[in-house]
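Residue numbers (the numbering used here): 727 to 817. Just below is one structure, and these are the notes that go with it.
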């Protein structure tokens with residue numbers, strides 16, 4: 727635990743920590759949204775995407791990349807944590 731704290735402090739100070747972030751190869755946005763029982767519009771509004779972007783991802787016209795892909799992965803696995811974080815940011 728101490729090592730993790732040291733890495734977090736080093737990272738926040740701009741130092742490279744050696745931590746590895748695993749970004750999944752494929753993200754199924756439609757599956758994530760359906761699992762949450764949300765419309766495209768509600769999913770977009772809740773998590774800060776445009777409805778058009780969500781449509782494009784689901785219809786294969788666009789593919790989420792980089793940080794967006796990672797954000798969708800977190801939404802998939804910890805949706806309530808993301809909602810809490812976004813709600814706190816809106817104060």
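Note that CB positions come from ideal geometry on N, CA and C, so glycine has one too. All figures in this text were calculated on a predicted structure; none of them were measured in a lab.
{"Item": "Whether residue 760 touches residue 767 by CB criterion (8 Å)", "Value": "no"}
{"Item": "Pick from 769, 748, 751 and 765 that is closest to residue 801, judged by C-alpha positions", "Value": "769"}
{"Item": "Pairwise C-alpha distance: residue 782 and residue 808", "Value": "22 Å"}
{"Item": "When 752, 748, 785 and 763 are compared against residue 805, the one with the closest alpha-carbon", "Value": "763"}
{"Item": "Boundaries of the alpha helix (DSSP H) in which residue 778 is found, first to last residue", "Value": "777-784"}
{"Item": "Proximity below 8 Å, CB of residue 788 to CB of residue 779", "Value": "yes"}
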